[in-house]
Amino acid sequence: MSKKHKAVSGEIITARGPWREVLLVCRKCSGKVKGGFGPKEKDAFPDAFKQVLRDLGRRRDVRVLEVGCLGVCPKDALTMIRGSAPAEMLVIPTGLDLTLLASRLIGPVQPATSTLPEPEPANPAGNPAFPA
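For the sequence shown, the positions run 1 to 132 when UniProt numbering is used.
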């Protein structure tokens, strides 16, 4: 998307985004629950979910956008639509473990901390299973 494109009249241009998933979160629901997410359950969903994605090293994989009312209006929850499955509305209850939600939306997730591989065991003398 860094290149400038000049649209010709009547032409539609496709620009690729860096995300694997786009989440449309109901702004009205998000305002009604007044937090309810994050470690202390005091953060708004978009902020808390973005922080979880940062902690997992996957922040650039998901774009979270707040949109107008989606019409479901659940109690103590918010409504969300995935860009990859627009016919399916998700109702996210407050207090949900957002790491579980991230794994459902973008696949298996692991913390971004890098771990070193286990060291190779030393070659025991006379063991044919280990090359010399």
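Note that beta-carbon positions come from the ideal geometry of N, C-alpha and C, so glycine has one too.
Q | Inter-residue spacing [alpha-carbon to alpha-carbon] between Asp97 and Leu70 | A | Distance between the alpha carbons of Asp97 and Leu70 is about 23 angstroms.
Q) Is the number of C-beta pairs between the stretch 77 to 96 and the stretch 19 to 26 that are closer than 8 angstroms three or more? A) By the criterion of at least three beta-carbon pairs nearer than 8 angstroms, the stretch 77 to 96 is in contact with the stretch 19 to 26.
Q) In whole angstroms, what is the alpha-carbon distance linking Lys40 and Asp55? A) Answer to the nearest angstrom: the Cα atoms are 16 angstroms apart.
Q.
According to DSSP, simplified to helix, strand and coil, what is Val52?
A. Val52: helix per DSSP, three-state reduction.
Q. Using the C-alpha atoms, what's the distance from Gly17 back to Ala87?
A. Their backbone Cα atoms lie some 21 angstroms apart in a straight line.
Q | N- and C-terminal bounds of the alpha helix (DSSP H) containing Ala87 | A | Taken as a continuous stretch (DSSP letters only), Ala87 belongs to no alpha helix (DSSP H), being part of the beta strand (DSSP E) at 85 to 93.
Q. Which value, in whole angstroms, describes the spacing of the CA atoms of Leu116 and Pro108?
A. Legend: pLDDT at Leu116 = 47, less than 50; position of this residue unreliable, no value from coordinates given.
Q) Ends of the alpha helix (DSSP H) at Leu101? A) Residues 98 to 106.
Q: Give every residue of the same chain whose Cβ lies closer than 7 angstroms to the Cβ of Asp43, excluding the five residues on either side of it in the sequence, and list them in chain order.
A: Only Gly35, Phe37 meet the Cβ criterion.
**Q.** In DSSP terms, what Asp43 is bridged to
**A.** Bridge partners of Asp43: Phe37.
Q. Would Met1 be called buried (16 or more neighbouring beta carbons within 10 Å of its own) or exposed?
A. In this prediction, Met1 has a pLDDT of 48, which is less than 50 and means its spatial position is unreliable; what the coordinates show is noted afterwards. Answer is exposed; the Cβ neighbour count stays below 16.
Q | Simplified DSSP state of Cys29, which is helix, strand or coil | A | Three-state DSSP puts Cys29 in a helix.
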